[in-house]
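Numbered according to UniProt numbering, the sequence shown spans residues 1 to 93.
Glycine is no exception: its CB is placed at the ideal position from the N, C-alpha and C atoms.
Computed from a predicted structure; not experimentally measured.
Notes to accompany the following structure.
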Amino acid sequence: MGLNLDVTWSETGDRYMLKLFRDYLFHTVTEDGRPWLNQSHIVQCLNKLDAGTLEKVQLMSRDEQSVLVVTYAELKHCLEQAFSELVAAATSV
Numbered sequence: 001m002g003l004n005l006d007v008t009w010s011e012t013g014d015r016y017m018l019k020l021f022r023d024y025l026f027h028t029v030t031e032d033g034r035p036w037l038n039q040s041h042i043v044q045c046l047n048k049l050d051a052g053t054l055e056k057v058q059l060m061s062r063d064e065q066s067v068l069v070v071t072y073a074e075l076k077h078c079l080e081q082a083f084s085e086l087v088a089a090a091t092s093v
């Protein structure tokens, strides 16, 4: 089965952290629930991810029942691993 058909691919382990990071970057809301997009926040976070800094970031699930505190270095490792898995799946087809 290809990764594009596996609906649980982003719901476990390292990929789940990446999903929460995506939400942290792009799905922020104001106190009254309106969408809020801060380009400065996005660029700063992506720079920290690219550099793999040891700064910690708090990631929360959409239902606010799970909270993870991870470093950007850990997120970078997860991203590199997920990318490698996708490349391997694409080249094996």
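The three-state reading of DSSP puts Leu20 in helix, counting H, G and I together.
8 Å or more divides the Cβ of Leu25 from the Cβ of Leu79. Taking the Cα positions, Thr53 is about 15 Å away from Phe21. Cβ neighbours of Gln81 within its own chain (closer than 7 Å, five residues either side excluded): Asp14. Under DSSP, the beta-bridge partners assigned to Lys56 are Thr71.
Non-local C-beta neighbours of Val69 in its own chain, meaning closer than 8 Å and more than five positions away in sequence, comprise Lys56, Val57, Gln58 and Leu59, ordered along the chain. Take Trp36, set aside five residues on each side of it, and the residues of its chain with a beta-carbon closer than 7 Å to its own are Thr28, Val29 and Thr30, in chain order.
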